[in-house]
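*Asks:* My structure is below; once you've seen it, I'll send some questions.
In this note's numbering, the protein residues as written are 65 to 124.
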């Protein structure tokens with residue numbers, strides 16, 4: 065069972081999300097699904113003008 069603090073935080077988050085959506089604010093979600101530092105997604109994010117670029121790997 066979730067703690068009371070966690071439940072309250074989640075409720076606050078969803079209230080704020082509803083408020084943001086009602087205001088028409090753009091919401092961006094980031095996908096961080098890779099597991100190792102050498103992995104990267106091969107998708108290209110493109111804006112409304114058709115501009116964008118593929119992420120380059122900067123192995124660290």
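Backbone N, C-alpha and C fix where the C-beta goes; we use that ideal spot for every residue, glycine too. Values in this document were obtained by computation on a predicted structure and should not be read as measured data.
1) Who are the Cβ neighbours of residue 73 in its own chain at under 6 Å, not counting the five residues just before and after it?
2) Tell me which same chain residues have a C-beta within less than 7 Å of the C-beta of residue 84, skipping the five on either side of it?
3) With respect to the alpha helix (DSSP H) encompassing residue 86, which residues constitute its N-terminal and C-terminal limits?
*Replies:* According to the structure shown:
1) none
2) 91
3) Per DSSP, residue 86 belongs to the alpha helix (DSSP H) from 68-86.
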